[in-house]
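Single-structure report; data block below.
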Amino acid sequence: MYIDNFSEAITYCRFCFMCRHLSPIGNVTFTEADTPRVRASMIYGATMYPDEFTNADLIRTMYRSDLSGCCRRNCVHHFDEVGLTLAYRADIVEMGAVPENIKAIAAELQACPDWQISGEGNVVYVADQYSMESGAAAAFAKLASGYKTVSGGSCGKGLWVLGFRKEAKVLAEKFVAVLNDTKAETVVVSHPGIYDLLVNTIPEMGITLNAKVMHTSEYLADIKTKALGELYYLESDYLRNYNNDYPFPTNILTANGAVLKPFGTNDEESYSCAEGALVLDKIEIALVEKLAKYVEARADHPETDVIVTASPYTKVQLAKYTSLRVKTIEEVLAEAL
Ligand code: SF4
206 MYIDNFSEAI TYCRFCFMCR HLSPIGNVTF TEADTPRVRA SMIYGATMYP
256 DEFTNADLIR TMYRSDLSGC CRRNCVHHFD EVGLTLAYRA DIVEMGAVPE
306 NIKAIAAELQ ACPDWQISGE GNVVYVADQY SMESGAAAAF AKLASGYKTV
356 SGGSCGKGLW VLGFRKEAKV LAEKFVAVLN DTKAETVVVS HPGIYDLLVN
406 TIPEMGITLN AKVMHTSEYL ADIKTKALGE LYYLESDYLR NYNNDYPFPT
456 NILTANGAVL KPFGTNDEES YSCAEGALVL DKIEIALVEK LAKYVEARAD
506 HPETDVIVTA SPYTKVQLAK YTSLRVKTIE EVLAEAL
């Protein structure tokens, strides 16, 4: 089983409550089940009593995890509680025990249109749904030129986090084939989840991309704008917690005169509205609203603070549920050209 690769997390997390305060879902549901310790305890119990592995409450708990990676990042031993959750989901899929609502989301992700390619250049920009909806893609067009755009398809990362690994690989292979066909030397993305797919997930799948991958903040690193002034920056789960504190978002902001003010009560928490879970809004939408309200409640001056994020997903969710002034990195840079 996939969970067998995470015996350390099962063994150690079930006795440890050190990172409970960094569990975004636990912080809005106030339930111990939504922490790495109790998820590990429940899975350990299911290894002792295998009939409980497909217990409906256990499945629901494991599918509402935020997958932020905050607990793993800040754990002294970096035990992979995220990997354990993803492994459990993959086991549930292999056992044919997936709930109907999760099956329906997976079917929706699979029924995607083909990717479309437009433009010309040695660089290709991935204009996914969230980058388009957030305004990040339109802002990127003001900051860069001479690039191709791919849009319209599904990359496979959503299916991967739901545990549909074979199906995810089929979509990822199609996506990477389209990117390779462009002959681009560089692939630029605004969506940190797609960055993580291309940097970490496709090698795990055995798929090769013939290009360097950059988040827009890395690709635009040399851009010069007017001074950005005081901003609050919300970290991306995928860029910070899955990719070794990827430095480019804060680098580009400070290089352009941003004075970054600390947001919230500490710099370890996730304020991304479950970016790591990618499709939590399709699983339990009320949780995403609670996460957004949690962020709103921590703003110093909610009506006037300018909040910047490297995650188009986070901007879309905060715009939907709060009155915060949230902009993507691409937008704040384009406005200051
Ligand atoms: S991830 Fe680390 S800090 Fe969190 S419960 Fe597991 S062992 Fe404890």
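Under this note's numbering, think of the first position of the sequence shown as 206, with each following residue one higher.
Glycine included, C-beta positions come from ideal geometry on N, C-alpha and C.
Cα-Cα separation, residue i to residue j
i      : j      : result
Arg294 : Asn461 : 42 Å
Lys374 : Ile412 : 8 Å
Lys498 : Cys275 : 19 Å
Pro467 : Val393 : 28 Å
Val521 : Cys218 : 33 Å
Tyr156 : Asn260 : Past the edges of the chain, shown from 206 to 542, lies residue 156, and the structure says nothing about it.
Val418 : Asp256 : 43 Å
Thr421 : Ser395 : 6 Å
Leu403 : Leu414 : 8 Å
Ile399 : Gly288 : 18 Å
His282 : Met223 : 11 Å
Leu348 : Leu529 : 25 Å
Arg242 : Ala251 : 14 Å
Ala416 : Pro397 : 17 Å
Tyr268 : Leu542 : 42 Å
Glu286 : Ile490 : 23 Å
Asp472 : Asn448 : 16 Å
Cys551 : Arg265 : Absent from the model: residue 551. The displayed extent of the chain is 206 to 542, so no value can be given.
Ala539 : Ala311 : 36 Å
Ala309 : Val366 : 14 Å
Asn456 : Leu492 : 32 Å
Ala238 : Leu263 : 9 Å
Ala214 : Asn306 : 28 Å
Leu458 : Glu474 : 20 Å
Bridge-paired residues (DSSP) for residue i
i      : result
Tyr438 : Val513
Gln315 : In DSSP, Gln315 forms no bridge with anything.
Arg294 : Answer is none; Arg294 lacks a bridge partner.
Gln321 : Ser356
Tyr330 : Thr354 and Val393
Lys419 : First, the amino acid is wrong: residue 419 is Met here, not Lys. Val393, per the DSSP bridge assignment.
Ala463 : Gly434
Thr533 : Thr514
Own chain residues within Cβ distance below 6 Å of residue i, not counting five before or after
i      : result
Tyr518 : Tyr335 and Glu480
Tyr207 : Ala292, Ala295 and Asp296
Ser356 : Gln321 and Ala332
Assigned exposure category for residue i - 16 Cβ within 10 Å defines buried
i      : result
Ile248 : buried
Thr290 : buried
Ile544 : Only positions 206 to 542 of the chain appear in the structure, and residue 544 is not among them; the question remains open.
Ser323 : exposed
Ala389 : buried
Gly301 : exposed
Val464 : exposed
Phe211 : buried
Pro454 : buried
Ser350 : exposed
Asp442 : buried
Other residues of its chain near residue i: CB distance less than 7 Å, five sequence neighbours each side excluded
i      : result
Leu496 : Pro229, Val233, Cys478 and Ala479
Ile407 : Ala377, Val381 and Leu414
Met410 : Lys374 and Ala377
Beta carbon proximity, residue i to chain B, threshold 8 Å
i      : result
Cys275 : Looking at the structure shown, chain B is missing, and only one protein chain is on hand.
Chain-order list of residues whose beta-carbon lies under 8 Å from that of residue i (same chain, five-residue window excluded)
i      : result
Lys353 : Ile322, Ser323, Gly324, Glu325, Gly326, Val328, Val329, Tyr330, Thr387 and Ala389
Asn405 : Tyr447 and Asn448
Glu501 : Pro507, Leu523, Tyr526, Thr527, Ser528 and Leu529
Original post:
Can you pull every residue whose C-beta falls closer than 5 Å to some heavy atom of the ligand SF4, listed in chain order?
Top reply: Tyr217, Cys218, Cys221, Met223, Cys224, Pro241, Arg242, Cys276, Cys280, Phe284 and Glu286
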